[in-house]
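Enquirer:
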Amino acid sequence: MAVTQLFRLVVCRAPARAAVRVQRRYSKVSPIVSEHLRVFEALREKHINRARVEASEKPLTIHLDDGQTVRGKAGVTTPLSVAQSVRVKGALVSKVNGELWELGQPLQADCELKLLGFDTVEGRQVLTFFFFIQSLMRLLGVAFPGGKEKEEWEREQEEARRRDHRRIGNDQELFFFNDVSPGSCFFLPKGAHIYNTLTDFIKSEYRRRGFTEVVTPTLYSTALWERSGHWEHYSENMFTVTSEGSQTYALKPMNCPAHCLMFEQRVRSWRELPIRWADFGALHRNELSGALGGLTRVRRFCQDDAHIFCTPEQLEQEIVACLDFVRCVYEVFGFSFHCLLSTRPTPTYRLFYTLLTVHVCVCVCVCVLACVCEQHQCATIQLDFQLPIRFDLQYVGKDGHLHRPVMIHRAVLGSLERMFAILAENFGGKWPLWLSPAQVMVIPVVGSSESYAKQVVQRFREAGFMADFNDDQGATLNKKIRSAQITQYNYIFVVGEKESETGTVNVRSRGGKQLGRRPIEEVMASLIQLRDSRSNTDEF
1 MAVTQLFRLV VCRAPARAAV RVQRRYSKVS PIVSEHLRVF EALREKHINR ARVEASEKPL
61 TIHLDDGQTV RGKAGVTTPL SVAQSVRVKG ALVSKVNGEL WELGQPLQAD CELKLLGFDT
121 VEGRQVLTFF FFIQSLMRLL GVAFPGGKEK EEWEREQEEA RRRDHRRIGN DQELFFFNDV
181 SPGSCFFLPK GAHIYNTLTD FIKSEYRRRG FTEVVTPTLY STALWERSGH WEHYSENMFT
241 VTSEGSQTYA LKPMNCPAHC LMFEQRVRSW RELPIRWADF GALHRNELSG ALGGLTRVRR
301 FCQDDAHIFC TPEQLEQEIV ACLDFVRCVY EVFGFSFHCL LSTRPTPTYR LFYTLLTVHV
361 CVCVCVCVLA CVCEQHQCAT IQLDFQLPIR FDLQYVGKDG HLHRPVMIHR AVLGSLERMF
421 AILAENFGGK WPLWLSPAQV MVIPVVGSSE SYAKQVVQRF REAGFMADFN DDQGATLNKK
481 IRSAQITQYN YIFVVGEKES ETGTVNVRSR GGKQLGRRPI EEVMASLIQL RDSRSNTDEF
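No gaps in the numbering here: position 144 of the sequence shown is 144 in UniProt numbering, and each next residue is one more.
#1: Under a Cβ-count criterion, where at least 16 other Cβ atoms within 10 Å of its own Cβ denotes burial, should serine 436 be classed as buried or exposed?
#2: According to DSSP, simplified to helix, strand and coil, what is lysine 266?
#3: Nearest CA to the CA of threonine 504: which residue from Lys480, Lys479, Arg459 and Ile528?
#4: Secondary structure at tryptophan 231, three-state DSSP: helix, strand or coil?
#5: Contact between the region 390-397 and the region 225-232: three or more CB pairs below 8 Å?
#6: Which full runs of the alpha helix (DSSP H) of 4+ residues lie inside the region 53-97, going along the chain?
#7: Please name the residue or residues paired with aspartate 304 in a DSSP beta bridge.
#8: Could you check where the beta strand (DSSP E) with lysine 114 kicks off and where it finishes?
#9: Have a look at Arg276, Asp324 and Tyr220 and flag the residue whose alpha-carbon is nearest the alpha-carbon of histidine 284.
#10: Tell me where the alpha helix (DSSP H) around valine 406 begins and ends.
#11: Closer than 6 Å by C-beta to proline 444: which residues in its own chain qualify, once you throw out the five before and the five after it? Chain order, please.
#12: So what's threonine 240 in DSSP terms, helix, strand or just coil?
#13: Expressed to the nearest angstrom, what Euclidean distance is found between the alpha-carbon atoms of tryptophan 533 and leucine 433?
#14: Run through the DSSP bridge pairs and tell me what asparagine 506 is partnered with.
#15: Rounded to the nearest angstrom, what separates leucine 527 and cysteine 339 at their Cα positions?
#16: Assign tryptophan 431 to one of two classes, buried (16 or more other C-beta atoms within 10 Å of its C-beta) or exposed (fewer than that).
#17: Quick one: grab the DSSP three-state call for glutamine 247.
#18: In whole angstroms, give me the CA-to-CA distance for serine 184 and glutamate 287.
#19: Given that a residue counts as buried once 16 or more other Cβ atoms are within 10 Å of its Cβ, and exposed if not, what is aspartate 305?
#20: Out of Ile319, His376 and Lys398, state which residue places its alpha-carbon closest to the alpha-carbon of asparagine 426.
#21: Which of the three DSSP states is assigned to aspartate 171 in this structure?
#22: So what's aspartate 200 in DSSP terms, helix, strand or just coil?
#23: Does the distance from the C-beta atom of tryptophan 277 to that of phenylalanine 201 stay below 9 Å?
#24: List the residues that DSSP assigns as beta-bridge partners of isoleucine 481.
#25: DSSP puts phenylalanine 309 in a beta bridge; with which residues?
#26: Between histidine 415 and threonine 380, what straight-line distance do the alpha-carbon atoms span, to the nearest angstrom?
#27: Could you check the C-alpha separation between tyrosine 249 and histidine 259 for me, to the nearest Å?
#28: According to DSSP, what are the bridge partners of glutamate 99?
#29: According to DSSP, what are the bridge partners of proline 253?
#30: Starting from the Cα of phenylalanine 335, find the closest Cα among Gly141, Ile520 and Val412 and give me that residue.
#31: Out of curiosity, what's the CA-to-CA distance linking glutamate 149 and alanine 143?
#32: Give the single residue among Thr216, Leu107 and Leu295 whose Cα lies nearest to the Cα of phenylalanine 186.
#33: Taking alanine 74 as the reference, which of Leu402, Glu102 and Pro106 has the closest Cα?
#34: Please report how far the alpha carbon of aspartate 324 lies from the alpha carbon of glutamate 318, in whole angstroms.
#35: Are phenylalanine 309 and methionine 407 closer than 9 Å when you measure CB to CB?
#36: If we count the other Cβ atoms within 10 Å of its Cβ and call it buried at 16 or more, is phenylalanine 385 buried or exposed?
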């Protein structure tokens with residue numbers, strides 16, 4: 001009654017299984033929804049009160065299908081209470097005067113009541129309905145101002161399916177998952193090449209920007225996590241191990257406590273600061289199984305994690321350097337991005353730290369805009385004033401007294417697994433030369449050219465390229481070229497007798513563009529320059 005008064009037209013029935021479900025999510029409840037809920041509750045309460053008044057102390061007679069007669073009160077007696085009084089077991093739904101009636105809905109007048117169990121069609125339908133949780137739990141749907149917007153949305157959805165990193169990973173044999181280790185990725189050789197290239201890229205920037213790499217353990221006593229404060233607030237997301245002495249250990253979900261231990265290992269001087277430590281250690285977080293999804297949410301992952309210990313005076317220049325680091329890396333990927341400034345939430349377990357009479361506890365989150373207008377939060381730059389207090393970190397200042405350092409948590413790629421997925425979808429599986437696991441394919445025209453083709457492959461492999469050789473005798477030349485294009489080789493070298501005699505290769509791009517016959521030395525120099533510049537184009 002309240003629903004029909006509020007929305008005027010309501011069809012109440014068990015919903016059929018939907019073929020397509022699209023969910024619209026909101027960052028906050030609309031004021032209109034809140035107002036509807038308020039009106040609904042008021043109408044519902046009014047209806048219940050009116051029904052109780054109208055049915056107050058009004059007796060009714062209930063006739064059961066087995067001939068029994070039961071007395072009751074209108075608005076109070078329900079089919080469930082009748083079933084309990086006559087000791088009928090297994091009732092799932094009822095019929096009142098031939099119409100389906102919920103067991104918990106009060107009866108309003110004299111009626112004929114039939115209790116239905118699993119042996120009836122109606123009873124089985126009700127049980128199946130609740131077994132598949134088809135009750136009204138959420139409203140799914142999507143609406144558009146017009147047909148043009150709908151078609152554009154459908155194109156974006158189709159493009160997103162085509163670029164799905166899980167499909168690309170399967171088609172190109174980059175990685176896979178297995179139930180023996182849920183949420184942990186197995187990187188195949190081609191996928192490992194991309195993974196390691198990303199790591200080497202960040203390491204080269206580390207050397208240029210004054211970061212030094214450290215290696216820390218994976219397993220720690222819970223005493224460390226209790227000291228850092230993570231155990232109290234994060235223990236349910238950590239994997240634990242109990243030793244023979246009943247000592248509990250946990251796999252690290254982050255590197256920061258270990259880096260604090262390294263800082264306090266000896267007395268530090270202001271001359272050493274800033275200290276910039278980077279760590280590529282494996283991290284483990286006990287994510288819910290329902291939250292796992294490809295490479296974007298995993299349980300075992302690696303971050304380009306780094307922590308900077310600096311003086312308050314060095315803080316500004318370090319933040320500027322971190323933002324420049326992010327800009328430099330994301331420009332290479334061709335990402336457009338924006339920064340979000342997060343201040344201390346309420347409540348939080350992180351304490352404030354007084355710095356120049358100003359309370360500071362902030363985090364800069366960098367969101368990238370990838371393909372099909374999808375945003376991903378990747379890089380983070382966070383000021384942490386709590387861990388230096390908890391670990392009592394100090395350094396000797398210029399005045400000879402002990403001072404508290406400022407700690408900066410910093411990740412540029414974030415999770416390497418997630419960045420792998422973002423890049424796969426952003427490039428659509430067409431990896432640029434410097435990242436590609438399939439850079440060069442050499443195809444001999446005839447069998448007599450195989451020896452020369454193998455020499456070309458070897459020369460490019462010695463230069464650090466991922467070069468392969470197609471020696472399939474049963475395939476035609478066109479089929480070999482087409483196969484290499486489908487496999488997304490950046491360049492295809494066709495070699496025959498003329499190429500063998502002149503020391504050249506006939507170059508084609510994966511897009512089908514023919515670049516012609518060129519000397520090997522010229523081609524190699526061009527590809528080395530293209531690879532080392534980390535260009536996202538395939539043009540010489």
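Glycine residues also receive a C-beta, built at the ideal position from the N, C-alpha and C atoms.
Expert: This is what the structure holds:
#1: So serine 436 counts as buried.
#2: Note on identity: in this sequence residue 266 is arginine, with lysine being the wrong assignment. DSSP places arginine 266 in coil when its eight states are reduced to three.
#3: Ranking the options by Cα distance to threonine 504, first place goes to Arg459.
#4: Three-state DSSP puts tryptophan 231 in a helix.
#5: With the cut-off at 8 Å, the region 390-397 and the region 225-232 touch.
#6: For the region 53-97, whole alpha helix (DSSP H) runs of length 4 or above, ordered along the chain, are 79-85.
#7: DSSP lists no partner for aspartate 304.
#8: Looking at the DSSP string, the run of the beta strand (DSSP E) that includes lysine 114 is 111-116.
#9: If you compare the alpha carbons of Arg276, Asp324 and Tyr220 with that of histidine 284, the shortest gap goes to Tyr220.
#10: It is not in any alpha helix (DSSP H) - valine 406 instead sits in the beta strand (DSSP E) that spans 406-415.
#11: Result list for proline 444: Glu450, Ala453 and Val495, in chain order.
#12: For threonine 240, the secondary structure class from DSSP, reduced to helix, strand or coil, is strand.
#13: In the sequence under discussion, the amino acid at residue 533 is serine, which differs from the tryptophan named in the question. Approximately 10 Å, taken between the alpha carbons.
#14: Answer is Val494 and Arg517, bridged to asparagine 506.
#15: Each residue's Cα considered, the two are about 35 Å apart.
#16: Buried, because 16 or more other Cβ atoms sit within 10 Å of the Cβ of tryptophan 431.
#17: Glutamine 247 falls in the coil class under three-state DSSP.
#18: Answer to the nearest angstrom: the Cα atoms are 11 Å apart.
#19: With 16 or more Cβ atoms within 10 Å of its Cβ, aspartate 305 is classed as buried.
#20: Nearest to asparagine 426 by alpha-carbon distance, out of Ile319, His376 and Lys398, is His376.
#21: In this structure, DSSP gives aspartate 171 a helical state, which the three-state scheme calls helix.
#22: Of the three classes helix, strand and coil, the one that applies to aspartate 200 here is helix, per DSSP.
#23: In this structure, tryptophan 277 keeps its C-beta atom at 9 Å or more from the C-beta atom of phenylalanine 201.
#24: The partner list for isoleucine 481 (beta bridge, DSSP) is empty, contrary to what the question assumes.
#25: In DSSP, phenylalanine 309 forms a bridge with Ile275 and Met407.
#26: Checking the displayed sequence, the identity of residue 415 turns out to be serine instead of histidine. The C-alpha of threonine 380 is placed about 11 Å away from the C-alpha of serine 415.
#27: Taking the straight line joining both Cα atoms gives about 18 Å.
#28: Looking at the DSSP assignment, glutamate 99 forms a beta bridge with Val96.
#29: Partner residues in a beta bridge of proline 253, as assigned by DSSP, do not exist.
#30: Closest option to phenylalanine 335, Cα to Cα, is Val412.
#31: CA-CA distance, glutamate 149 to alanine 143, rounds to 9 Å.
#32: Considering only alpha carbons, the answer is Leu295.
#33: Nearest neighbour of alanine 74 by Cα position, chosen from Leu402, Glu102 and Pro106, turns out to be Pro106.
#34: Rounded to whole angstroms, aspartate 324 to glutamate 318 spans 10 Å at the Cα level.
#35: Yes, these two residues count as a Cβ contact at 9 Å.
#36: By the Cβ neighbour-count rule, phenylalanine 385 is buried, with 16 or more other Cβ atoms within 10 Å of its own.
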